[in-house]
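Reviewing the structure listed below.
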Amino acid sequence: MHAASTHLAWLVLLPPLGAAAGITLLALNRPAVSARLSIGAILAAFGVSLVLFTQGVEGRTAWTWLSIDDGRGTFVAELGLRLDHLSCLMLLVVTGVGSVIHIYSLGYMRGDRSVGRYFAGLSLFSFSMLGIVLADNFLMLFICWELVGVSSYLLIGFWFERPAAADASKKAFLTNRLGDFGFLLGIILLWAAFGTLDFAELEQRIGAGTTPWLPSLVGLLIFCGAVGKSAQFPLHVWLPDAMEGPTPVSALIHAATMVAAGVYMLCRVFFVFAAPGSAAPDVIAWVGGGTALLAALIAVQQNDIKRILAYSTLSQLGYMVLAVGLAGMAAGAHPVPAMYHLTTHACFKALLFLGAGSVICALRHEQDIWRMGGLARRMPITFWTFLAATLALCGIPPFSGFFSKDAILALAWERQPVLLGLAVAVAFLTSFYMFRLVWVAFLGPAKSQAPDHARESPAVMTLPLLVLTVPSVVAGFWGIDSYLIEHFRPGEGLSAPGWLGQLTAPFHHAPVAAFSGLIAALLGIVFAWRLYSHRVQDPLPGLLDAAARPLRDKFYFDEFYGRLIAWTQDTLARGADAVDRWVIGGALVKGASGSIELCGRLLRLVQTGSLQTYAFLFVLGAVVAIVLMLGW
Amino acid sequence: MDSLTFIIFCPLIGAVLIALIPRSFEVLFRGITLGATGLSLAGALWIFSEFELGTARIQYEELVPWVYSLGINYHLGVDGLNVGLLLMGALVAFAATCVSSEIRERQKEFYLLLLLMTGGILGAFASLDLFFFYFFHELALVPTFIMIGVWGRGANRREAAFTITLYLSLGALIALVGLVALYLETGAHTFDVVAMTRHVAAHPVSESAQNIIFPLLMIGFGILVSLWPFHTWAPLGYGAAPTATAMLHAGVIKKFGLYGLLRIAVPLLPEGAQRWVGLLAVLCLGNLVYCGLVAMRQKNFGLLIANSSVAHMGFAFLGIASLSLIGVTGAVVVMIAHGLLAALTFGLGGYLHQRLGTLEMAQMGGLLRRLPFVGGVLIMAMLAGCGLPGFANFPGEILVLFGAFIRHPVIVSLAAWAGLIIGAVYALRAVRVMLHGELPQRRHDTPDAANAWRKLPYALLLAALVVFGCFPRLLTDRIVASAQQAIASVQGSSVAEIQHADDRLFGGSEPTKASIGQRGAFYAGQEGIAAGRSRRQSGCSIRLTGNAAHE
Amino acid sequence: MTVGLAHYLTVSVVLFCLGLLGVIARRNVVIVYMALELMLNATNLALVAFSRFNHNLEGQVMVFFIITVAAAEVAVGLALIVALYRKRQTAHVEDLASMRL
Amino acid sequence: MSDLTAIGLELAVMVTALAVLLLDLWTPPEQKRQLGYVAAIAVGVIFVASFAVLIPEPRMAFGGMYRLDELSLYFKRFFLLTALVVLLMSIEIADRIEAGFPEYCALHLFALTGMMLAASAYHFAMVFVALELIAVTFYILTSYQRRRLASLEAGVKYLVLSAVASAFLVYGIALVFGASGTLDFARLADRSNTGSHRMLELGLLLVFLGLTFKLASVPFQFWAPDVYQGAPTPTVAFLALGSKAAGVALLIRVFHEAAPAIGRGWHGLFAGVSAATMLYGVLCAIPQRNLKRLLGYSSIANGGLVFMGLSTFSAPGLSAVLYFLAAYLFTLGAAFFVLCLVAPTAEDADIPALTGLHRRSPLLAAALALSMVSLAGIPPLAGFFGKFLLIKAALENGPSWPAMYALASVALLTAVISISYYFGVIRAIYWPGETEREVVRDPEPIVLSGLTRAVLWFCIVGMLWLGIAPDKMLILAEHAVRALAL
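Just so you know, the protein sequences line up as chains A, B, C and D, in that order.
FYI, in numbering that gives the first Met the number 0 the residues of the first sequence are 0 to 631.
FYI, in numbering that gives the first Met the number 0 the residues of the second sequence are 0 to 550.
FYI, in numbering that gives the first Met the number 0 the residues of the third sequence are 0 to 100.
FYI, in numbering that gives the first Met the number 0 the residues of the fourth sequence are 0 to 485.
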């Protein structure tokens with residue numbers, strides 16, 4: 000549309016990078032400066048994103064980062080920015096939620112001695128996340144993919160002196176790397192097969208048809224990246240631990256944006272999975288559904304407020320991945336439900352985390368919900384915003400979550416009824432554990448001394464809560480889905496019925512899905528009310544008996560992986576080390592040098608010092624020479 | 000004096016100066032060394048920036064006949080392959096001088112040897128004559144030995160010094176035999192690489208000779224680069240070496256073997272290369288995976304980074320083994336990036352050793368609180384080491400992986416595993432154990448790098464890593480044309496092989512075949528141009544058409 | 000039976016080997032010297048015989064050189080023995096093995 | 000008269016020797032040392048004068064017994080320069096030479112004459128006389144410190160074994176004479192080319208075996224460490240350089256000129272001897288802790304290298320040998336000079352005793368270290384280029400005779416192993432001591448005279464020159480080899 004204004008996209012990307020670099024180089028020890036730089040940068044990015052969004056700018060702009068033409072298909076790595084509906088929407092989400100959280104951090108991190116480092120990390124994250132959003136080719140995507148990974152690493156380990164935080168950051172990074180391994184292989188394979196990494200060109204070439212096994216393999220490998228980043232089973236273990244980071248970080252990175260990057264990426268490169276005959280979508284759908292269920296089950300028995308939210312995030316990410324998989328199962332479909340849910344989820348999950356942060360701050364870093372209670376009166380703003388977000392998460396109309404979740408359920412109904420059942424079960428569990436949290440922490444009686452001194456957080460923290468409440472509640476009426484459909488199917492998504500029409504549309508469109516989801520959610524609330532409204536201790540372990548333990552212990556995944564790593568990688572490493580020490584370094588190298596020295600020591604015994612020995616040996620040598628040379 | 004001679008002789012003249020100045024003027028030694036390496040660095044920077052892009056021509060050429068009867072010339076020059084290496088070498092040398100303020104005794108000898116090493120390795124990179132190439136490299140051998148013995152650390156430094164010296168001499172001598180055999184086999188009666196290359200283009204070395212000389216060079220140079228299983232000298236030696244020596248050796252001198260493979264072995268022995276790179280690729284896994292695993296088990300930070308530096312060499316080998324333009328370019332980038340990175344990590348290791356008196360990781364913890372600068376740089380170095388974008392290693396490793404995939408898909412997969420996961424495991428473990436966690440009581444007074452002068456070497460190296468990482472075209476634009484020339488002779492025969500590999504990978508479906516067919520046609524065109532040049536290559540194009548007929 | 004070249008040579012070889020045996024086996028340095036002289040004289044015998052049978056005087060000239068050199072050798076050798084005897088009161092070969100390995 | 004001009008250089012040396020002996024009579028004891036300078040200056044002058052000798056084409060003298068050509072001139076210059084260094088070395092230890100220092104110098108000059116004659120010998124009688132002149136003077140020289148038992152023991156061993164070798168040689172000569180009827184090289188070359196004769200071959204083999212003694216190579220290498228340990232250091236240097244080079248010169252003469260056909264047929268023998276010698280020298284040297292003995296083994300190993308060059312029977316091989324000898328001159332010159340100064344007796348030459356040398360005298364330390372590096376064959380020093388040429392020559396011969404590849408790999412292997420003990424010396428010089436004994440030793444500085452410094456610098460510069468700018472010397476060596484008409 001506006002060719003020149005596509006360059007504006009750089010203005011989204013560069014301020015956070017500048018802020019990160021500037022803080023690192025100049026303002027690491029100046030909290031106020033660093034905060035201003037960082038917040039200014041994200042606000043600037045938000046402003047530009049808003050302009051891009053409202054102007055409807057589309058197109059691409061690129062800067063060649065690396066380019067080698069070896070005759071075998073040029074290897075071009077461009078930092079290419081692509082502006083379209085998908086990226087513009089995501090830009091808004093990232094910069095919008097990001098801005099709010101940046102400002103919130105100002106209050107939350109007040110008084111910490113490393114604020115500069117914090118904001119540097121946050122800005123670096125913003126930059127790389129925006130890079131993922133804008134990327135128009137796989138290599139740039141991968142670069143930013145790695146960079147969000149590392150900023151997540153730095154921020155989880157922000158309080159590096161706490162062993163738990165340090166371990167969690169390491170775990171997060173390594174687990175992500177496992178996914179990235181597959182991702183990178185997928186990218187290389189794509190390049191080797193099609194000679195390009197550009198999304199648009201790849202879409203064309205894949206569309207032209209390939210060998211049958213290639214899309215499945217590539218699709219699965221690419222999906223590995225999403226499994227890592229979006230914490231899907233079996234690489235989901237890092238996300239709950241990542242809650243060791245500061246709460247705003249959890250809100251921004253581990254709830255709203257970065258973990259959603261996996262889903263965004265799947266939508267962005269949907270053409271890879273949409274190739275006919277690919278087996279990838281089934282796997283994706285089942286992995287997503289499985290993760291959703293698994294995480295929801297675990298969340299039921301968690302007691303740490305942030306961990307509950309973390310498992311909830313996992314579960315919702317599972318939903319989105321499920322949606323992508325479902326979309327890919329039939330030809331010509333589009334992953335709009337996944338993106339839709341991503342958008343609304345970003346708002347209400349960020350809100351939930353910020354609310355949790357507010358509680359944690361008020362309780363002086365108490366995170367156990369069984370030591371809270373009665374907070375609704377003491378922290379009204381926090382409570383009401385939290386409740387709104389919870390309702391959105393549970394999918395109660397007319398909150399935003401209802402619409403996006405319903406879109407997924409409808410899709411499941413269309414494609415794979417078994418998965419619909421699974422999704423509905425997750426919806427039930429979701430509202431159950433969320434209202435368990437609400438009742439135990441906010442409504443029920445105080446369970447310790449901690450809540451007695453709780454006071455509402457300052458405005459710098461509550462204002463962001465209020466700001467985020469707006470989209471959490473009403474985003475369902477903004478026509479996000481039709482805006483997105485416009486991306487995948489230009490010209491199809493323009494019809495926008497009125498408010499009421501939008502509210503009832505799900506029930507017309509796929510009544511079974513809509514009603515079952517709604518009923519499940521309500522049932523969950525009722526169950527939670529019955530079980531938890533007045534308890535000071537969790538009754539569930541008593542009720543479920545032995546079944547509750549695996550839930551509480553997260554199905555023993557950490558233990559299992561610990562063993563697995565100990566058995567495989569550590570054994571390998573120990574073996575390699577032993578071989579290095581004893582076989583190569585010892586037997587071969589030392590053996591060679593030792594045996595040579597031994598030869599020397601033996602040989603020089605000939606030097607007896609007696610001249611007659613020498614003469615004799617000489618004569619012997621002479622005789623040998625004569626016999627050898629003349630054959631006598 | 001011409002610019003390259005200037006770069007090489009600055010350190011050597013500095014060394015002579017130091018030798019002549021009496022011991023009592025202790026202040027001067029460091030100053031002279033800083034000045035000499037600084038001048039070299041300035042010269043290298045100048046050449047790097049003035050370097051004309053897009054051509055494989057030798058620039059800044061200097062040629063002085065040296066030994067007529069053997070055809071040895073004092074022949075210097077830069078092209079894309081070595082211009083970056085030269086800059087990297089000068090930079091590392093300067094940084095190594097900066098960190099050497101830890102040396103308190105026998106400064107005269109120390110700086111003299113340091114300058115000797117520097118001059119030698121810069122000379123080796125700038126030389127275009129086999130003899131001088133080898134000659135300059137060997138200048139570093141004795142200084143390394145003495146430095147480890149006198150200023151080294153650890154109880155086993157004696158064993159380390161002898162092991163490294165013997166191992167490196169073995170490698171160098173095997174390579175020397177290869178080089179002499181090459182000289183004799185080409186029949187060009189010259190050691191001048193440029194003249195030899197020209198001669199070989201017209202009269203290729205017989206295939207049987209290539210098949211013998213290439214492995215000689217591969218093993219010989221491989222030992223110098225710590226190719227698995229000839230790598231054990233490296234951790235041992237670097238663990239015991241003083242900081243500056245380890246920086247120069249692991250960073251710069253080690254790249255000599257790789258450079259030799261690229262400059263000499265591959266272009267002059269294309270058929271030998273074709274035949275042997277398979278083995279090279281397998282061995283490089285030994286570096287990447289095996290040494291990575293070994294690094295995971297290390298409890299001493301010095302040994303950890305030493306093993307990791309060995310492991311990283313695998314990428315460079317893999318790039319060379321790809322025999323593709325992308326892979327070879329990547330290998331050169333990896334060489335430069337790893338040089339900077341190794342120097343940085345060894346420099347930081349030296350700093351920690353100086354401050355803490357030990358590098359046992361169990362005795363550290365939480366140091367980031369006390370050492371925000373050094374710790375921060377160390378974290379970045381470790382992240383750079385596991386291939387994080389933004390640092391120069393990333394573009395190099397990516398290029399290598401992409402470039403090598405068609406020829407060695409399985410090996411690339413394993414290499415990616417090693418680079419992404421094993422590398423991250425030990426790097427992050429080191430950060431976790433040393434910098435994160437609680438600070439032990441007795442470490443409460445550990446000082447950070449106090450002033451700008453102390454920070455300079457680390458900042459310089461890190462900045463170079465970041466600049467090349469963010470703007471890799473600074474390197475690749477210089478490298479590509481020369482890399483193309485280096486593998487031009489191989490590519491003729493490799494077209495058919497790649498075609499074959501392509502079919503193996505994607506064979507079957509029509510469209511893919513069609514696209515490859517197009518590429519094949521492209522090659523055929525290239526082939527046509529080159530066909531007249533030599534019989535060997537036309538033989539290849541026959542193979543190519545045969546392949547097509549088979550399909 | 001006429002005495003031919005072969006006979007001379009046989010004697011010469013036998014002498015040479017005897018000398019060699021003496022050098023290797025005898026313990027007294029003086030006797031070792033005598034054995035050495037024996038070897039040289041074996042050579043002289045051979046040379047003279049060859050000269051005779053080749054009708055060429057060159058060999059005989061050579062013999063004179065050898066005799067002279069042998070004399071010089073023995074002179075030096077005996078002086079050495081004297082010095083050694085003064086120092087160690089022994090002239091036995093087996094006592095001359097302080098430097099070894 | 001023309002015969003006398005042909006041997007002008009030898010005559011000059013001889014006259015100098017006699018003059019020194021005569022002057023000794025009128026020199027007061029405290030000034031006897033000065034006669035050393037006289038001898039050294041004279042040798043220096045003769046060395047310079049030797050460059051004035053121009054030989055457009057080879058000249059024969061004394062009825063064909065003596066041949067003056069570029070090859071012999073190269074060797075003569077080598078011997079003269081060696082003698083110069085050795086004489087200067089002797090002056091350093093003049094006060095340790097108990098019996099007659101001027102005679103000591105004069106004896107060296109006689110030996111020098113013998114070597115110079117050997118380089119020109121073109122007749123077996125000349126070979127024998129020259130060799131015996133060398134040998135007999137060395138009997139005296141090795142045992143010159145007659146108050147030291149070690150010196151006497153070395154003398155006796157050297158005498159007996161050398162005499163055995165001479166006996167073999169001379170018996171070989173007799174057989175050659177018997178088989179060919181001549182002792183003249185030129186005539187022998189004519190006759191031996193006509194066909195192989197078993198007795199001739201046996202004779203030449205015995206000559207060969209006799210000469211292996213001079214080169215301290217298998218099977219006659221055993222004497223070297225013992226004699227090197229016991230003899231006065233300058234004498235050892237002369238043995239290691241001069242006497243060995245004389246053997247090389249004769250091997251070249253006999254097997255490349257007198258009987259080239261047989262010699263060429265025996266390249267297997269040369270190669271075998273070469274490999275065995277290198278391995279023996281290197282392996283035995285590994286555990287060695289005494290520097291003089293170490294140099295003995297090292298000299299054996301280097302003899303093996305020389306044999307490798309000889310076994311190529313090619314011009315590049317021989318010029319490599321000549322170059323190697325020149326490199327060896329500067330290298331060993333420096334090493335033995337330092338030894339003279341730091342280790343008055345053999346017992347002091349223990350390698351651990353060198354600890355702290357770099358503090359006692361940096362120049363001595365540097366000279367010794369550089370010579371070890373050069374011996375180890377590492378650039379930028381002379382030894383490297385020498386080895387490089389030898390290995391190149393061997394590989395060059397590979398295509399026609401693949402065993403040369405094996406020989407080259409043995410050379411390679413031994414070169415690597417040898418680094419371990421050469422660097423052991425460097426370690427002792429520069430590294431801080433490890434054991435108590437080594438640390439405590441008080442670093443009393445060694446004061447060097449100006450002349451000493453000059454000689455050391457001369458050797459260092461020589462090593463560097465031959466290592467860095469080998470062109471000139473290589474041209475000389477190639478020129479010398481061209482006289483052989485290979």
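All residues carry an ideal CB built from backbone N, CA and C; glycine is no exception.
Beta bridge counterpart(s) of residue i as assigned by DSSP
i	result
Glu61(B)	Leu75(B)
Phe74(A)	Ile67(A)
Gly79(A)	Ala61(A)
Contacts that residue i makes with chain C (C-beta to C-beta distance below 8 Å)
i	result
Gln228(D)	Met98
Chain A contact residues for residue i, given Cβ-Cβ distances below 7 Å
i	result
Tyr279(D)	Leu602
Boundaries (first-last residue) of the alpha helix (DSSP H) holding residue i
i	result
Leu19(B)	Ser2 to Leu19
Met371(A)	No alpha helix (DSSP H) contains Met371(A), which DSSP labels as neither H nor E.
Ser66(A)	Not the alpha helix (DSSP H): Ser66(A) falls in the beta strand (DSSP E), residues Gly58 to Ile67.
Reference residue i; option with closest CA among the options
i	options	result
Phe556(A)	Leu12(A), Gln231(A) and Leu154(A)	Gln231(A)
Trp9(A)	Ser127(A), Leu121(A) and Arg35(A)	Ser127(A)
Met460(A)	Leu238(A), Trp212(A), Asp166(A) and Pro247(A)	Pro247(A)
His333(A)	Ile407(A), Arg377(A), Leu392(A) and Arg573(A)	Ile407(A)
Gly42(B)	Leu343(B), Glu60(B) and Ile7(B)	Ile7(B)
Cβ of residue i within 8 Å of any chain C Cβ
i	result
Ile625(A)	no
Ala366(D)	no
Residue i at chain A interface by Cβ criterion, 8 Å
i	result
His435(B)	yes
Phe306(D)	no
Residue i: contacting residues in chain E (beta-carbon distance under 8 Å)
i	result
Ala614(A)	The chain inventory of the structure shown lacks chain E, comprising the protein chains A, B, C and D.
Chain C residues whose Cβ lies nearer than 9 Å to that of residue i
i	result
Leu597(A)	Going along chain C, no residue has its Cβ under 9 Å from Leu597(A), so there is no contact; the nearest lies around 15 Å.
Ala149(D)	Ser97 and Met98
Within chain D, the residues that residue i reaches when beta carbons sit closer than 8 Å
i	result
Glu158(B)	Per Cβ cutoff of 8 Å: no residues; Glu158(B) is ~11 Å from chain D at best.
Within-8 Å CB hit, residue i to chain D
i	result
Glu57(C)	yes
Ser323(B)	no
Partners in chain D for residue i, counting only beta-carbon separations shorter than 7 Å
i	result
Val65(B)	Val is not the amino acid found at residue 65(B); the sequence shown has Trp there. Going along chain D in sequence order, the residues near Trp65(B) (Cβ under 7 Å) are Asp470.
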